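*Asks:*
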Amino acid sequence: MQFLTSEQKKYYLENGFLIIEDFVPNKICNLLMERAHHLIDQFAPNENKVIFSTIDQQHANQRYFLESGDKIHFFFEQHAFDASGHLKKNKYYAINKIGHALHDLDPVFNCFSRSHKIATLVKDLNVIDALLVQSMYICKQPLIGGEVTCHQDSSFLYAEGEPVIGLWFALEDATLQNGCLWAIPGGHTATLKSRFIRGEQYETRTEIYDHTPFAEEKMIPLPVPAGSLILLHGFLPHMSKENLSQKSRHAYTLHIMSRSNPYARDNWLQRSKDLPFQGFF
Ligand code: FE2
């Protein structure tokens, strides 16, 4: 069975991204959003108050972040806390994202992430013996959802040979107002500009290979209705603006790669021996 048409595959190869509308049924979008709400329900914000921000990278050297590769951890928006460290909003509206092993540890996200439909799609992309390496639930809540600066996903999840592929599922409408994705069509044909690397201890650094800035003037917005899937090549420059609107923009993302392409041992995201990367079945 095939899921992608030859035209869709050609479009993906040429542009580095592909939008597939109506991929996730409405009731499944709702189910995933309800599950994320339940997970946040179980989370006591006093335990960990780690902010995720691509602007100042203040999460980068925190143990809670660096250990999240095989856990379900919660990260706050940059403006979630007041000067004395208290949440300014109800926790449901202050979380930036949940990551990074929902697909292995949570039964609902596991079931969705390993659905036959996604496995078939990944096979169509010629990913041999695919591994699911990362998942994130991104809340992008109204008036607080932070900007994600322009980046290539392979900077964070580097694999030798074929780059990782991102699967970005819109669980709600992603619009110009609430912070939809933006990308540079064809931008994946350039080289990787940098890598975010984990050191021997709990520290990270960014190695820069190309100092020229991304051609952000070539960015186009990718607004999509709820239920859409956007495929993203690991080298494709993409970003999203902050959400200053009154509407949330919930999304779920998965990153996959072939088992035959060695996953870099100095990637920030690592697994313990107890929970190695796994495939679809
Ligand atoms: Fe990304």
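Okay, so the sequence shown: first residue is 16 according to our numbering, each after it adds one. Every residue, glycine too, gets a C-beta built ideally from N, C-alpha and C. All of these numbers come straight from a predicted model, not from anything done at the bench.
Is Asn-282 helix, strand or coil when you go by DSSP?
*Replies:* Three-state result, Asn-282: strand.
*Asks:* Given that a residue counts as buried once 16 or more other Cβ atoms are within 10 Å of its Cβ, and exposed if not, what is Leu-136?
*Replies:* So Leu-136 ends up on the buried side.
*Asks:* Ignore the nearest five residues each way along the sequence and tell me which others in Gly-160's own chain have a CB closer than 8 Å to its CB.
*Replies:* Only Glu-92, Asn-111, Cys-154, Asn-193, Gly-194, Glu-257, Asn-258, Ser-263 and Arg-264 meet the Cβ criterion.
*Asks:* Below 6 Å CB to CB, which residues in the same chain sit around His-270 once its five sequence neighbours on both sides are set aside?
*Replies:* Here the set comprises Val-148, Gln-149, Leu-172, Val-179 and Gly-181.
*Asks:* Just confirm the distance between the C-beta atoms of Asp-119 and Gln-293, as a whole number of angstroms; I'd bet it's less than 8 Å.
*Replies:* About 7 Å separates the two Cβ atoms, so the contact holds.
*Asks:* Provide the residue span of the alpha helix (DSSP H) that contains Leu-117, from first to last.
*Replies:* Where Leu-117 is concerned, the enclosing alpha helix (DSSP H) stretches over 117-120.
*Asks:* Assuming Ile-235 is part of the beta strand (DSSP E), what are its boundary residues?
*Replies:* From DSSP, the beta strand (DSSP E) with Ile-235 extends over 235-237.
*Asks:* Look up Ala-266 in the DSSP assignment and give the residues it is bridged to.
*Replies:* In DSSP, Ala-266 forms a bridge with Ile-153 and Ala-185.
*Asks:* Return yes when the C-beta of His-166 is under 7 Å from any heavy atom of the ligand FE2, and no when it is not.
*Replies:* Yes - the ligand FE2 has a heavy atom lying nearer than 7 Å to the Cβ of His-166.
*Asks:* Straight-line CA distance for Thr-221 to Ser-170?
*Replies:* Going by the C-alpha atoms only, they are around 9 Å apart.
*Asks:* Would you check if the segment 48-57 and the segment 225-235 touch, i.e. whether three or more CB-CB distances between them fall below 8 Å?
*Replies:* No: fewer than three Cβ pairs fall under 8 Å.
*Asks:* Quick one: what's Gln-293 bridged to in DSSP?
*Replies:* DSSP output for Gln-293 lists Leu-147 as bridge partner(s).
*Asks:* Alpha carbon to alpha carbon, how far is Phe-89 from Asn-125? Give it in angstroms, no decimals.
*Replies:* Rounded to the nearest angstrom, the two C-alpha atoms are 18 Å apart.
*Asks:* Indicate the three-state DSSP secondary structure (helix, strand or coil) for Cys-165 in the structure shown.
*Replies:* Looking at Cys-165 - three-state DSSP - the assignment turns out to be strand.
*Asks:* For the alpha helix (DSSP H) holding His-101, just list the boundary residues, first then last.
*Replies:* Per DSSP, His-101 belongs to no alpha helix (DSSP H) and is neither H nor E.
*Asks:* Where does the unbroken alpha helix (DSSP H) through Ser-21 begin, and where does it stop?
*Replies:* Here the alpha helix (DSSP H) through Ser-21 covers 21-30.
*Asks:* Identify the continuous alpha helix (DSSP H) that holds Arg-220 and give its terminal residues.
*Replies:* Arg-220 -> not in any alpha helix (DSSP H); beta strand (DSSP E) instead, spanning 219-223.
*Asks:* Between Thr-69 and Ile-143, what straight-line distance do the alpha-carbon atoms span, to the nearest angstrom?
*Replies:* In a straight line, the C-alpha of Thr-69 is about 32 Å away from that of Ile-143.
*Asks:* Say yes only if the C-beta of Gly-194 is nearer than 7 Å to one or more non-hydrogen atoms of the ligand FE2, and no if none qualify.
*Replies:* Checking every heavy atom of the ligand FE2 against the Cβ of Gly-194, none is found closer than 7 Å.
*Asks:* Starting from Ile-212 and walking both ways along the alpha helix (DSSP H), at which residues does that stretch end?
*Replies:* Not the alpha helix (DSSP H): Ile-212 falls in the beta strand (DSSP E), residues 209-213.
*Asks:* For the ligand FE2, is there any heavy atom lying closer than 7 Å to the beta carbon of His-265?
*Replies:* Every heavy atom of the ligand FE2 is 7 Å or more from the Cβ of His-265, so no.
*Asks:* Leaving out five residues on either side along the sequence, give the residues of the same chain with a beta carbon under 6 Å from the beta carbon of Arg-274.
*Replies:* Excluding sequence neighbours, Arg-274 sits near Asp-144 and Leu-146.
*Asks:* Where Asp-281 and Leu-81 are concerned, what is the direct C-alpha to C-alpha distance, given to the nearest angstrom?
*Replies:* Cα to Cα, the separation comes out at about 12 Å.
*Asks:* Of all the options Ala-134, Arg-78 and His-253, which has the alpha carbon lying nearest to the alpha carbon of Glu-215?
*Replies:* Of the listed residues, the one whose Cα sits closest to Glu-215 is Arg-78.
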